[in-house]
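A.B. asks:
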Amino acid sequence: MKRWLIALLVIALLAAGGWAWGSPKYTLWQMKRAAEARDVDALASHVDFPAVRASVKDQLSSRMQGNGEGGVLGALVRSGIADTVVDAAVSPEGMRFIFAAAPLTESEERPGTIRVKASEMRYRRTAFDRFELARGDGAILVFRLRGLEWKLTDIRLPPDALR
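Residue numbering for the sequence shown follows the numbering used here, starting at 1 and increasing by one per position.
Next comes the structure, spelled out in structure tokens:
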């Protein structure tokens, strides 16, 4: 009986370790497949929209408030119109519009299908419940563990994004 419990505990620990290691990459694979299939609902299920909206709004206002710079975007932020634009863009409906308006790269191997190029993104685990995807220009996508699912919770804009 004791060996049975030890074996069960070892199997449970191996399964938990495998899930902890592999679940972020599995989530990214699901998101990539959803983007390639233009399945906005499946892609949106991996995004915490209120958290992402708050993050983008905070970054816009902290970069533009009071410094008088930023051209049209700076004026929009200072007038409060940018909040409305962020609310509309960072939503499932906004994602639908983006997919409809911006064609993705077509696959050369299979014409008529699209491919998401993620090779320029670097994966980095920053904590047990957080990982990041970083692009060379400084943009970072932050994912956090929500229950047993990974959700995109923060988009950190590149330092020179608003110049």
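In this text, a Cβ means the ideal position worked out from N, Cα and C, and glycines have one as well.
Here the structure is a predicted model, which means the values were calculated and not measured.
Along the chain, where does the beta strand (DSSP E) containing Leu8 start, and where does it finish?
C.D. replies: For this step, residue 8 is matched to residue 8 along the sequence shown. Counting along the chain, Leu8 falls outside any beta strand (DSSP E), though it belongs to the alpha helix (DSSP H) covering 2-36.
A.B. asks: Can you give me the C-alpha to C-alpha distance between Phe97 and Arg53, rounded to a whole angstrom?
C.D. replies: Here the question's residue 97 lines up with position 97 in the sequence shown. Here the question's residue 53 lines up with position 53 in the sequence shown. Whole-angstrom Cα-Cα distance: 17 Å.
A.B. asks: Use the C-beta contact count for Leu141: other C-beta atoms within 10 angstroms, 16 or more gives buried, fewer gives exposed.
C.D. replies: As a position in the sequence shown, residue 141 is number 141, starting the count at 1. Classification for Leu141: buried.
A.B. asks: Identify which residue in Phe143, Leu60, Pro158 has its Cα closest to the Cα of Asp48.
C.D. replies: Here residue 48 refers to the residue found at position 48 of the sequence shown. Of the candidates Phe143, Leu60, Pro158, the one whose C-alpha sits nearest the C-alpha of Asp48 is Phe143.
A.B. asks: Give me the residue from Trp4, Gln59, Pro50, Trp21 with the minimum Cα distance to Ser91.
C.D. replies: What you label residue 91 is simply residue 91 of the sequence shown in a count that begins at 1. Selected option, being the one with the closest Cα: Pro50.
A.B. asks: To the nearest angstrom, how far is it from the Cα of Leu172 to the Cα of Ala88?
C.D. replies: The structure shown does not extend to residue 172, since the chain is modelled only from 1 to 163, so the question has no answer here.
A.B. asks: Roughly how many angstroms separate the alpha carbons of Val86 and Ser55, rounded to a whole number?
C.D. replies: Here residue 86 refers to the residue found at position 86 when the sequence shown is read from its first residue. Here residue 55 refers to the residue found at position 55 when the sequence shown is read from its first residue. The straight-line gap separating the alpha-carbon atoms of Val86 and Ser55 is approximately 10 Å.
A.B. asks: Which two residues bound the contiguous beta strand (DSSP E) that contains Leu152?
C.D. replies: Counting from 1 along the sequence shown, the entry for residue 152 is found at position 152. Start and end: 149-156.
A.B. asks: Please classify Ala134: does DSSP put it in a helix, a strand, or coil?
C.D. replies: The sequence position of residue 134 within the sequence shown is 134, counting from 1. Ala134 falls in the strand class under three-state DSSP.
A.B. asks: If you draw a straight line from the C-alpha of Arg130 to the C-alpha of Arg38, how long is it?
C.D. replies: The residue you call residue 130 lines up with position 130 of the sequence shown. The residue you call residue 38 lines up with position 38 of the sequence shown. Computed Cα separation, rounded: 26 Å.
A.B. asks: I need the boundaries of the beta strand (DSSP E) containing Val86, first residue and last residue.
C.D. replies: Residue mapping note: residue 86 aligns to position 86 of the sequence shown, counting from 1. No beta strand (DSSP E) holds Val86; the alpha helix (DSSP H) holding it covers 81-89.
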